[in-house]
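Numbering-wise (full-length UniProt numbering), the sequence shown opens with residue 1 and increments by one.
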Amino acid sequence: MSSMTGITKGGLAWTPNFVDQIDDEKCIGCGRCYRACGRDVLMLKGIDEDGGLVAADDDEAERKVMVIEHPENCIGCEACSRVCPKDCYTHTPLAAA
Ligand code: SF4
Ligand code: SF4
Numbered sequence: 001m002s003s004m005t006g007i008t009k010g011g012l013a014w015t016p017n018f019v020d021q022i023d024d025e026k027c028i029g030c031g032r033c034y035r036a037c038g039r040d041v042l043m044l045k046g047i048d049e050d051g052g053l054v055a056a057d058d059d060e061a062e063r064k065v066m067v068i069e070h071p072e073n074c075i076g077c078e079a080c081s082r083v084c085p086k087d088c089y090t091h092t093p094l095a096a097a
């Protein structure tokens, strides 16, 4: 399968690897990925006792996890994965049309 590619400033081929999933079983809600991402993609949320997502500061939140709130903003740089200590991320290039 071929992928959508772009080029770097120096004219080299560059294939964005867009954020696909964050494993909420592994995530410890440390916020490192949030600080690494400059594109307003991620948001810290809480998980309640039934496994539902709530606001991070909600009293019902039993633990915190990062979620992909705005996937449409992702540029596929993988900075989030590089700083994640728990290997939570999966990424996927866009398939060429
Ligand atoms: S790949 Fe880059 S732009 Fe996309 S969520 Fe990760 S850090 Fe943000
Ligand atoms: S860096 Fe990894 S463990 Fe930390 S909040 Fe992000 S996804 Fe979760």
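Note that beta-carbon positions come from the ideal geometry of N, C-alpha and C, so glycine has one too.
Computed from a predicted structure; not experimentally measured.
query: Which of helix, strand or coil DSSP assigns to Val65; result: strand
query: Contact under 8 Å by Cβ, Val19 with Cys80; result: yes
query: With 16 other Cβ atoms within 10 Å as the buried cut-off, status of Lys26; result: exposed
query: First through last residue of the alpha helix (DSSP H) which encompasses Ala79; result: Ala79 to Val83
query: Inter-stretch contact at 8 Å, needing at least 3 Cβ pairs: the stretch 28 to 41 / the stretch 2 to 16; result: no
query: Nearest residue (CA-CA) to Ala56, options Pro16, Gly46, Ala13 and Trp14; result: Gly46
query: Span separating the alpha-carbon of Ile28 from that of Ile22; result: 11 Å
query: Continuous beta strand (DSSP E) stretch holding Ala55: start and end; result: Leu53 to Ala55
query: Reduced DSSP category for Ala36 - H, G, I as helix; E, B as strand; rest coil; result: helix
query: Through-space distance from Cys33 to Gly51, alpha-carbon basis; result: 22 Å
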